[in-house]
Amino acid sequence: MPAVDLISCMLWVSRLAPQTHLSVVKDIWQTSRQRNATLGLTGAVVFDGERFCELLEGPVLDISSVYRDVEDDPRHTGLRVLHISSAASARHLTQWRSGYCDAALLDPFCDEDGVQGEAAVAAFLALLPSCDLSP
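This is how it looks when you write it as structure tokens:
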């Protein structure tokens, strides 16, 4: 039996900061792809033209470092964690992907009373086939 790739998982949402031009999204995608490949992180980030929702999987210290970078990034505002698991588990996704989605798909994640925890992770994974994603 093959060894299970044990990781931690974090899911968060944020908004593109006011007066920030949409062209920065391309830069965010490029930086994410390079950094996450270097760190061996998998997951996905989707953007609806205003909001980001990101699932990140990998070693907890690397995930924490990426989260702190997003937290300090002036292009993001309203950062809110929906799920964090520091317990080791199998990866949900085998690579890093980024892309776009319809705004209605992110509504359940961005409402203060919206989906949280493992249910949020399951809902995020379920919406990915509806998104325009690239590796």
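Everything in the sequence shown is counted per my numbering, starting at -12 for the first residue and increasing by one. For glycine and all other residues, C-beta sits at the position ideal for the given N, C-alpha and C.
Write down the C-beta distance between Ala31 and Ser85 rounded to the nearest angstrom, noting that I regard them as a contact closer than 8 Å.
7 Å
Report the residue from Trp83, Ala109, Leu42, Glu58 whose alpha carbon sits nearest the alpha carbon of Trp(-1).
Leu42
Going by Cα to Cα distance, which pick from Phe96, Pro122, Trp83, Leu28 is closest to Cys123?
With the chain covering -12 to 122 only, the question about residue 123 has no answer from this structure.
What do you get for Thr29, buried or exposed, if any count of 16 or more other CB atoms within 10 angstroms of its CB means buried?
buried
List the residues that DSSP assigns as beta-bridge partners of Cys(-4).
Glu44, Ser72
Closest by C-alpha distance to Trp83, when choosing among Glu58, Arg20, Leu48, Val53:
Arg20
Would you call Glu105 buried or exposed, if buried means 16 or more other Cβ atoms sit within 10 Å of its Cβ?
exposed
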